[in-house]
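> Handing you this structure, nothing more for now.
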Amino acid sequence: MIPEIPALDELSVTLAHYLLVSGAVFGIGVVIALAKRNAVAVLMGVELMLNAVNLTILAFSRFSSAFPAGDAPLAGHAFVVFVLTVAAAEAAVALALAVLVYRRRETVDLDRVNLLRW
Amino acid sequence: MDSPAFLLAFLILSGITVTSALLVFVARNLMHALAFLVLSFLGMAGLFMTLSADFIAIAQILIYAGSISVLMVFAVMLTPLASRDNGNSLYVIPALMGGAGIAGLVSLVAIETDWAEHSGDALKAADFERTVPVIGDLLLGRYVLAFEVASVLLFIALLGAILLVQDRDGGDATGEAQ
Amino acid sequence: MPASTEPYVLNIGPQHPSTHGVFRLRVVMDGEVIRDLDMIVGYLHRSMEKLAEERTYTQNIPFTDRADYLAAMSSNLGLALAAERLSGVVPTERSQYLRVIFAELQRIASHAMANGTLISDAGAWQTPLLYMFREREKILDLFEMTCGARLTTNYMRIGGVAFEPPPEFWPALQELVDELPERIDEYFELLTDNEIFLGRTRNVGVISAADAINGSLTGPALRGSGVPWDLRKAEPYCVYDRFNFDIPVGTNGDVYDRFMVRMEETKQSVAIIRQAMEQIPAGPHKNDIPLALRPEIGEIYSRVESPRGEIGFYLVSDGTPAPYRFHLRAPSMINLSLLRELGVGASLPDAVVTLGSLDIVVGEIDR
Amino acid sequence: MSHLPASQSATPMLRQIAERPTVRGALMRAPLPVKVFGALFVLGFLALNAGIAYVVIDGRLDGQWYDVRDLGVGVGALTDWMRDQGVPEVAVYLTSAIVGATGVLSLVGVWLIIGPWLERRAIAKFQVRMGPNRNGPFGLFQSLADAIKLMQKEVIIPRGADKILYFIPPVFIFVPALLGWAVVPWAPEMTYTDLDVGVLFTIAISSLGVLAVFLAGWASNNHYSLLGAMRTVAMMVSYEIPISLSLLSVAMLTSSMRLSEIVAWQSNYNVWMIVILPFAAFAFLFSSTAEINRTPNDIGEAESEIVAGFYTEYSGMKGGLFMAVELGNAILVGALMSTFFLGGYTMFGLETWIPGYLILLTKIMTVYLFFVWLRATLPRFRLDQLMGFAWKFLIPISMVQVFVVAIQASVLARVDAPGVFVLGSFAIINLSMTILLVRLWASRMSVSTIQQATKPILTQVVGGLRAAEQIRKPV
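Residue numbers (the numbering used here), protein chains in the order written: chain V, 6 to 123; chain G, 647 to 824; chain C, 7 to 373; chain W, 24 to 498.
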């Protein structure tokens, strides 16, 4: 399954390499987002996942010849800009929520924020 | 593309990114986790650079390393010392399994698929020389609606963040709303 | 629900750039705002008042140098006057004028120091301080010519002054007096209309006239609040009643007014020195008094206007050469007592500027 | 006492000052051969420079590798020569990269020796004293001595400090100070990397310092540090917006985010951006002083309030690194200010005669000396005043300016050959708009009513509270 490692001067960085990095970061992000108790830490996981997705999009945009050249050549980049925007908005709101939760409940431990209404 | 310098850059940057992402999970202290997160963001920006996406890389530094991390720092500072651990909840085993599963799945697909037909360098020479004007044309041309919606979203998020953390009992709302 | 921030304790001093000596503030802060403030003094305590009971009146004069080390002449003068009043010695006519000249020179030097450090506390990177040191240096040079010391002058004696000024003193003094007014105007130009300085000092550390009187403030701190009280006018000692000068009085009672009162007093001091130079008579600079002066049994409280306010000496004599009780009313100590009221609720920079405007000298506070 | 004449100094200290050796005195006392040799040396130096100037004006070395005006030509010639020799492309690339990086690093390094000396001497002149004059000629080695002293100092880790995070910030804060130089154009073709998004790059790089400052304050386990860090972070976050807005105006007008193109635009129209966008230049300069913690906005390390701010606990060379970064940032801001608003390496045609980097260096020095002047003159703002100034004053006016400039940029894009008339009208519009808005804002915010300079009342009355009321009555 694992391809043999070629010599250094023959090795070229391909789409698969980027996808591997992206998959690893995404997986770590998932683990952090699911496993952490602290709301801010969960947010860190989510940001890592978004980063990984950005990397995937950019890698595809760079390597793919699926699009015809004349038709929106850098659509991936534009898409990443939107992802960044949404990430910024999400971070602002989520952190405001974390602060609010802390003020109301004196904790940011998500396991202990178990009432639907507080 | 295949020059050793490029390869080295890719290896170092991806190493930094993945390792520090892992350290975000491992670190016991939330502030350490935050520091590693910033390192991961910076490594990711470097990876973007290797993909000739200079605009996105700089936007990444500006937004993630510059702004979101500062926002997180403020959020951490606004919570007391006791809440600054980076402990895991009961779901750590399922989470690890899930994360490993997703990463494995992506890796499997990445390795098994024959990307040859999708990895031409056709766009390389033509469009990656100056990315900024192209992105600008796209954002204000083809995707202008999405662009406007994104700006409205940002504005609403800003207002929402301010309103959420505002003291309704007449206190001042300084500090946390950035 | 209020934003839950935790108050924390900040120790300002004893080693801190803005405490003007080894003075410590224990501040409880909430963010940038001071919630509580303790003043902790005593790091410079030398048991001066107790030691003074073992020495003769003349031997005690050097102690007063070390009390208010920025205005040694004024403190010297205070003790000399108190001992004279206690023992009935009358100083010579010429020495009275010399005392006035040196006390006013010391006032200029001390005010220069006070205002310079105040602006340093407000954040100017020592330029105004060093500008003011330029004139202070010249004054200290005059002191050095006359009595050999720059800071701890030990100049006043019971019945006169220690030395006659050397011949080169008078031209140098004339030169200084001639150039001082334009130098002071230069400071006015540099600072008084400066928007940042105004923003930092206007309406900061406001003391109302009633508060100032109730807190028994003296000196520029009191006059800055608008109370025209100056011992040189109220109960003239030496020959102050022969000179024509004004009392500058502030309107608002804030840091800026205290600053401006000091600036204006410098001008008035120059005027006094000018008049004293014109009127000074010839004659001996000192009476011959016994080395171990034995005043009659009795007590005296004698006060003079030092640059920081009313410096008073309470002396009790039991007929021996040494005072039975020696007490120094330190103006810095009493002016400082209002800092807690001014500081609580203010922000840290404001408190620092307010402390600077009260112009404390720790040697005098701790004695 | 000695009986000196009054004009001479009567005290030992004054005599010492009067008798101190001067350069002029040393020159006058030099023996004749030394004087002759010195004169010949100076004359030869002048003749050499005249010869170089003649060759430059003659134009016979344009584009040659020995063109004294441009290091870039030399490096280009070197890489071409290497290619001709059949050296692999990697080595050529690495060579030029290393040469460039060495240039950038040594610039900052040399500056860290000269800068503190210059600042101290200049401030000493402002403050009527002498400044460093003991180590080396004119005290030039003072900063070297300081550096050696700092390196010898013990590195103290405060108890309770976060051991890992305590060590990161001094290094991490150095990165933006160096990286910022990457995009600064020193001459035509003489940029380390002429990024397409240079303006954005500078903004992004400057936002990196925030985190280092914060970590330094947090990891020190000291309330002064934390207070300084919080102040600095709050200020940097706030002042990044006016910086971005003012640079946005520049980028819109020049319709490029490439720094070399911004310089070329200014050179092309023979106008400095500061003339067209005075408010943007002011906002950039003021906000930069806040970003790099210099007077009058150095509240993050206000020594009279919070000792040294966020680096209170750093001793030895770690503290020295923070100070070095402060200096390095000062000239970086000087370079950016010159590039964006003062015409960069061009000087109305002068750049064809003398090297562009010398022109840029002169401009950087000018801006830096302006900073020194400010530092020697102004008191410090308070945190709330600064934040209020950013949010209530700089940002709204900058936003209005951005709208106006957007219109002007679209006009500029439609005018065929914009001449002095169009640009002049832009300048007048922007200037008048700025003045109008500032006055409007000042009256709305009523900033000037609370801060009136009143002189004390002079009185002959003596008394207590009643006298005080009597005095105040006529006012």
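A virtual CB, placed ideally from N, CA and C, is assigned to each residue, including glycine.
All values reported here derive from a predicted model rather than from experimental measurement.
Can you have a look at C:Y103 and say buried or exposed, based on whether 16 or more other CB atoms are within 10 angstroms of its CB?
What you label residue 103 of chain C is simply residue 97 of the third sequence in a count that begins at 1. Burial call: buried.
> Quick check on the DSSP output: the alpha helix (DSSP H) that includes V:G34 runs from which residue to which?
Position 29 of the first sequence, counted from the first residue, corresponds to residue 34 of chain V. From DSSP, the alpha helix (DSSP H) with V:G34 extends over 20-40.
> Identify the continuous alpha helix (DSSP H) that holds C:S231 and give its terminal residues.
On the third sequence, residue 231 of chain C is found 225 positions in, with the first residue counted as 1. Counting along the chain, C:S231 falls outside any alpha helix (DSSP H), and DSSP gives it neither H nor E.
> Run down chain V in chain order and give the residues with a C-beta less than 7 Å from the C-beta of G:A699.
Sequence index remark: in the second sequence, residue 699 of chain G carries index 53 (1-based). Chain V residues near G:A699: L63, H82.
> Please name the residue in W:D81, W:L406, W:L300 whose C-alpha comes closest to that of W:M456.
Sequence index remark: in the fourth sequence, residue 456 of chain W carries index 433 (1-based). Answer by Cα proximity: W:L300.
> Which residues does DSSP pair with C:P254 in a beta bridge?
To locate residue 254 of chain C, count along the third sequence from 1; it is residue 248. The partner list for C:P254 (beta bridge, DSSP) reads W:L481.
> Measure from the C-beta of W:I180 to each C-beta in chain G and report whether the shortest distance is under 9 Å.
Looking up residue 180 of chain W in the fourth sequence gives position 157. W:I180 does not count as touching chain G.
> Cα separation between W:L268 and W:L231?
Taking the first residue of the fourth sequence as 1, we reach residue 268 of chain W at position 245. Taking the first residue of the fourth sequence as 1, we reach residue 231 of chain W at position 208. Computed Cα separation, rounded: 18 Å.
> Whose C-alpha, out of C:L57, C:G19, C:R91, C:R52, is nearest the C-alpha of C:C244?
Numbered from 1 along the third sequence, position 238 holds the residue referred to as residue 244 of chain C. Taking only the C-alpha atoms, the option nearest C:C244 is C:R91.
> So, for G:A768: in the same chain, excluding its five sequence neighbours on each side, which residues have a beta-carbon less than 7 Å away from its beta-carbon?
Here residue 768 of chain G refers to the residue found at position 122 of the second sequence. Its pLDDT being 44, under 50, G:A768 is placed unreliably in this model, and the value from its coordinates should be taken loosely. Around G:A768: no qualifying Cβ.
> Listing by chain order, which chain W residues have their CB less than 7 Å from the CB of C:I303?
Residue mapping note: residue 303 of chain C aligns to position 297 of the third sequence, counting from 1. Ordered by position in chain W, no residue passes the 7 Å Cβ test against C:I303, which lies about 34 Å from the chain.
> Measuring CB atoms only, is the segment 310-327 of chain W touching the segment 248-265 of chain W, in the sense that at least three cross pairs come out at less than 8 Å?
yes
> Roughly how many angstroms lie between the CA atoms of W:P378 and W:M388, to the nearest whole one?
Within the fourth sequence, numbered from 1, the residue matching residue 378 of chain W stands at position 355. Within the fourth sequence, numbered from 1, the residue matching residue 388 of chain W stands at position 365. So the two alpha carbons sit approximately 16 Å from each other.
> With 16 other CB atoms within 10 Å as the buried threshold, where does C:K273 fall?
As a working mapping, residue 273 of chain C is identified with position 267 in the third sequence. Flag for C:K273 reads buried.
> Return no unless some Cβ of chain G is closer than 9 Å to the Cβ of W:D185.
As a working note, residue 185 of chain W is residue 162 in the fourth sequence. Taking Cβ atoms only, chain G reaches closer than 9 Å to W:D185, which makes this a yes.
> Does the Cβ of C:P177 have 16 or more other Cβ atoms within 10 Å, making it buried, or fewer, making it exposed?
The sequence position of residue 177 of chain C within the third sequence is 171, counting from 1. Result: exposed.
> Quick one: which chain W residues come within Cβ less than 7 Å of C:K239?
In the third sequence, the residue the question calls residue 239 of chain C occupies position 233. Those within 7 Å of C:K239 in chain W are V485.
> If you count every other CB in all the chains shown that lies within 10 Å of the CB of C:L223, and 16 or more means buried, which is it?
The residue given as residue 223 of chain C occupies position 217 in the third sequence. So C:L223 ends up on the buried side.
> How would you write the range of the beta strand (DSSP E) that C:E316 sits in, first residue to last?
Counted from its first residue, the third sequence places residue 316 of chain C at position 310. Element bounds for C:E316: 315-323.
> Assign W:S448 to buried or exposed, taking buried as 16 or more other Cβ atoms, counted over all protein chains shown, within 10 Å of its Cβ.
Sequence index remark: in the fourth sequence, residue 448 of chain W carries index 425 (1-based). Exposed: under 16 other Cβ atoms inside 10 Å.
> Name the residue from W:S283, W:F305, W:A200, W:V46 whose alpha carbon lies nearest to the alpha carbon of W:P160.
For this step, residue 160 of chain W is matched to residue 137 along the fourth sequence. If we check each option's Cα against that of W:P160, W:V46 comes out closest.
> Cβ of G:L685 less than 9 Å from any chain V Cβ?
Position 39 of the second sequence, counting from 1, holds the residue named residue 685 of chain G. No, G:L685 lies away from the interface with chain V (no Cβ there is under 9 Å from its Cβ).
> Going by the DSSP bridge assignment, what does C:V39 pair with across the sheet?
The residue you call residue 39 of chain C lines up with position 33 of the third sequence. DSSP, once it has assigned bridges, lists C:D36, C:S353 as partnering C:V39.
> Around the C-beta of W:S30, are 16 or more other C-beta atoms found within 10 angstroms, so that it is buried, or is it exposed?
Walking along the fourth sequence from the start, residue 30 of chain W turns up at place 7. Legend: pLDDT at W:S30 = 49, less than 50; position of this residue unreliable, value from coordinates given subsequently. W:S30 is exposed by the Cβ-count criterion.
> Quick one: list the residues of chain G neighbouring V:R189, beta-carbon separation under 8 Å, in chain order.
Residue 189 of chain V lies beyond the range of chain V shown here (6 to 123); nothing can be said about it.
> So, at 6 Å on beta carbons, what are the nonlocal neighbours of W:S311 in its own chain, with the 5 sequence-adjacent residues on each side left out?
Within the fourth sequence, the letter at position 288 stands for residue 311 of chain W. Closer than 6 Å at Cβ, skipping near neighbours: V356.
> So, is W:Q431 buried or exposed, given that buried needs 16 or more other C-beta atoms within 10 angstroms?
As a working note, residue 431 of chain W is residue 408 in the fourth sequence. Buried is the call here.
> Is DSSP giving W:Q39 helix, strand or coil here?
Within the fourth sequence, numbered from 1, the residue matching residue 39 of chain W stands at position 16. In this structure, W:Q39 counts as helix in the three-state DSSP scheme.
> What does a CB cutoff of less than 6 Å around C:F249 pick up in its chain, not counting 5 residues either side in sequence?
Along the third sequence, one-based indexing puts residue 249 of chain C at 243. Only I278, Q281 meet the Cβ criterion.
> When you compare each of C:A357, C:F332, C:S93 to C:A58 by their alpha carbons, which one comes out closest?
In the third sequence, the residue the question calls residue 58 of chain C occupies position 52. The candidate whose alpha carbon is nearest that of C:A58 is C:F332.
> Give me the residue from C:D217, C:V350, C:A118, C:F319 with the minimum Cα distance to C:N341.
Walking along the third sequence from the start, residue 341 of chain C turns up at place 335. It is C:D217.
> Select from the segment 260-287 of chain W all residues with a C-beta closer than 7 Å to any C-beta belonging to chain G, and list them in chain order.
V260, M280
> Using a 10 Å radius around the Cβ and a threshold of 16 neighbouring Cβ atoms, would you call W:F444 buried or exposed?
The residue you call residue 444 of chain W lines up with position 421 of the fourth sequence. Result: exposed.
> Determine the burial state of V:S66: buried for a count of at least 16 other Cβ atoms within 10 Å of its Cβ, exposed for fewer.
Numbered from 1 along the first sequence, position 61 holds the residue referred to as residue 66 of chain V. So V:S66 counts as buried.
> Below 6 Å CB to CB, which residues in the same chain sit around C:G84 once its five sequence neighbours on both sides are set aside?
The residue you call residue 84 of chain C lines up with position 78 of the third sequence. Result list for C:G84: V310, I317, F319, in chain order.
> Have a look at the DSSP bridge pairing and note the partners of C:I46.
The residue given as residue 46 of chain C occupies position 40 in the third sequence. C:R30.
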